[in-house]
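In what follows, a structure is listed as structure tokens, so that the remarks can point back to it.
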Amino acid sequence: MLRLARKKHPDIVFHRGNMVTFKLNKRFDAITCLFSAIGHLKTKGKLRLAIRNISRHSSPAGS
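Quick note: the sequence shown uses our numbering, first residue 98, plus one each step.
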């Protein structure tokens, strides 16, 4: 899927990673989690870690 996306949109940077552990060293005004991906986390602990990690990447004014 990423190969196709990169081929169709070479000007866009795509990332593949683990929502629990990714680190982009950047903050964003908006963060999305598409196609119910967060529902694939198996435990409440992993869900908490993912939300905490996503929160770290959200700008103070972000949502």
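All C-beta atoms in this analysis are idealised placements derived from N, C-alpha and C, irrespective of residue type, glycine included.
- According to DSSP, residue pairing for residue 111 in a beta bridge does not occur.
- Per the Cβ contact rule, the segment 98 to 110 is not in contact with the segment 129 to 149 (fewer than 3 Cβ pairs under 8 Å).
- For residue 155, the pairing in a beta bridge is given by DSSP as 125.
- Where residue 104 is concerned, the enclosing alpha helix (DSSP H) starts and stops at 99 to 105.
- In the assembly as shown, residue 147 is a buried residue. Its beta-carbon has 16 or more other beta-carbons within 10 Å.
- Put simply, of 128, 115, 126 the residue whose alpha carbon is nearest the alpha carbon of residue 143 is 115.
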